[in-house]
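The sequence shown begins at 2 in our numbering and counts up one residue at a time. By construction, the Cβ of each residue, glycine as well, lies at the ideal position given by its N, Cα and C atoms. Predicted, not measured: the structure shown is a model, and the values here were computed from it.
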Amino acid sequence: MKSLNDCYTLHNGVKIPCVGFGTFLTPNEEVCEAVKSAVKVGYRHIDTAAVYGNEVGVGQGIKECGVPREELFITSKLWNSEQGYETTLAAFEKTMKDLGLEYLDLYLIHWPIPNHHKDDWQELNAGTWKAFEELYKAGRIRAIGVSNFMPHHLEPLMKVAEIKPMVNQLEYHPAFHQDETVPYCNEHNILVESWGPLMQGKAFSNELLKEVAAKYGKSIAQICIRWELQKGILPLPKSVHEDRMANNADVFNFNISDEDMAYIDTLGKIGRLSEHPDNFNID
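(1) Would residue 28 and residue 45 be called neighbours here (beta carbons separated by less than 8 angstroms)?
(2) Tell me the start and end of each unbroken alpha helix (DSSP H) in the region 182-247 that is at least 4 residues and wholly inside, in chain order.
(3) Let me know the secondary structure DSSP gives residue 82 once reduced to three states.
(4) How would you label residue 236, buried or exposed, when you count the other beta carbons within 10 angstroms and need 16 or more for buried?
(5) Using a Cβ-Cβ cut-off of 6 angstroms (strictly less than) and excluding sequence neighbours within five positions of residue 115, which residues of its own chain qualify?
(6) Give me, in chain order, the residues of the same chain whose beta-carbon lies closer than 7 angstroms to that of residue 251; leave out the 5 immediate sequence neighbours on both sides.
(7) Can you round the beta-carbon distance between residue 130 and residue 281 to whole angstroms, since I take them to be within the 8 angstroms contact cut?
(8) Compute the Euclidean distance between the alpha carbons of residue 97 and residue 169, then round it to the nearest angstrom.
(9) Could you tell me the alpha carbon to alpha carbon distance between residue 62 and residue 52, rounded to whole angstroms?
(10) Give me the Cβ distance between residue 172 and residue 275, rounded to the nearest whole Å; I'm assuming they're in contact under 8 angstroms.
(11) For the 8 angstroms Cβ check, are there 3 or more pairs between the region 178-193 and the region 207-215?
(12) What residues in its chain sit with their C-beta under 6 angstroms from that of residue 7, if we drop five residues either side in the sequence?
(13) In whole angstroms, what is the alpha-carbon distance linking residue 49 and residue 258?
(14) Please report the straight-line C-alpha distance between residue 254 and residue 263, rounded to a whole angstrom.
(15) Might you give, ordered along the chain, the residues of its own chain that have their beta carbon closer than 8 angstroms to the beta carbon of residue 203, omitting 5 neighbours on each side?
(16) Under 8 angstroms, do residue 74 and residue 106 count as touching if we go by C-beta distance?
(17) Kindly list the residues whose CB is nearer than 8 angstroms to the CB of residue 65, restricted to its own chain and excluding five residues on each side of it in sequence; keep chain order.
(18) Once DSSP output is grouped into helix, strand and coil, what is the label at residue 66?
(19) Measure the C-alpha to C-alpha separation of residue 246 and residue 4 and round it to an integer number of angstroms.
(20) Can you name, in chain order, every residue of its own chain whose Cβ lies under 7 angstroms from the Cβ of residue 12, other than the five neighbours on each side?
(21) Would you please state the rounded distance, in angstroms, between the beta carbons of residue 134 and residue 163? I believe it to be under 8 angstroms.
(22) Which two residues bound the contiguous beta strand (DSSP E) that contains residue 146?
(23) Please classify residue 126 as buried or exposed, where buried requires at least 16 neighbouring CB atoms within 10 angstroms.
(24) Work out the CA separation of residue 154 and residue 181 for me, nearest whole Å.
(25) Looking at residue 86: is its Cβ nearer than 8 angstroms to the Cβ of residue 132?
(26) Use the C-beta contact count for residue 55: other C-beta atoms within 10 angstroms, 16 or more gives buried, fewer gives exposed.
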C-alpha cells in the first residue's frame, strides 16, 4: 500500500480503501463535520454502525462532503437486537433511510451472540445471513461480512452460507493479535479490519511504542497504523480533529523494520482490552 486510497480486494472483486475512518463514539451532532474533514484529508472509506446512533450525521456528511458517492466506501453494521431474517431486513431499511443512501458498500453483523441468545445465536446468525445474501444479490450491498466473530462463530455460519463473509472486523492492535482468528480469516480469504487500532487510547502511554515512535520520528498513532498495514490488516482509526486525521493517514512514507515489527509484537501478551464476543451482554 502506497497511499491512503490504495485498496485491498475482497474475494468478490470489490475494492476497499486500505485505511478507513471510524466514527465510534462520535456524537450525531459532531459526526457530519468529522466526516467532511476526513474526506477533505483524503479518506474515502467511512465506517459507522446503527448502534453508534450517528448514521443520520454520517449520511449528512457524505451528502455535503463534495465527493461523488461512487468514490466513497461506506460501511454500517446490524445491531444485535435486530438479528434474525425479518428484523434484519427492517433494520437495513432504517439504516439506509438514516444514511440517505441507495446502497451500502459493506454491511456487517456487529456481534455474533446477541444478549439473551446463548442458546439460539447460530439460528439467529443464519437468518440474518440469509437476509444479507438477499440484499447482496439485489445489489443493495456490495459486500457482506461480520464483526467480532471468532472461528467457532464463523464455522457454523460458513456451513449454511451460500456466500461466505468477505470481511471480519475485529479488535486488533499491538496489544492483541487475534492469533486464532486472523489465520482462520486469511485461510478463508476473509479480510480482517481493525477497530481500536490505537489500543482504545492506551497506545499513547505505552513506553515501548513511545520508544519505537521516537526512533522513526513518527507519532505513536502512525506506528500503530503502519504496523497493522504491514500485517495485512485494514485499520479504522478515529478522531474528530482534522490534524489528527491527517496524521493518522500519513503512514505511507516509511516502513517498520522486521526487527521492530517483532519488537512491537511482544506487546501481544497484554491481550484483549474489550469484551469477549462470547460474553458480550449489551442489548
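The relevant details are as follows:
(1) no
(2) 182-188, 208-217, 221-231
(3) helix
(4) buried
(5) 81, 84
(6) 223
(7) No, residue 130 and residue 281 are not in contact; Cβ-Cβ is about 18 angstroms, not under 8 angstroms.
(8) 21 angstroms
(9) 18 angstroms
(10) 5 angstroms
(11) no
(12) 19
(13) 33 angstroms
(14) 20 angstroms
(15) 176, 274
(16) yes
(17) 33, 37
(18) coil
(19) 14 angstroms
(20) 167, 190
(21) 6 angstroms
(22) 145-148
(23) buried
(24) 12 angstroms
(25) yes
(26) buried
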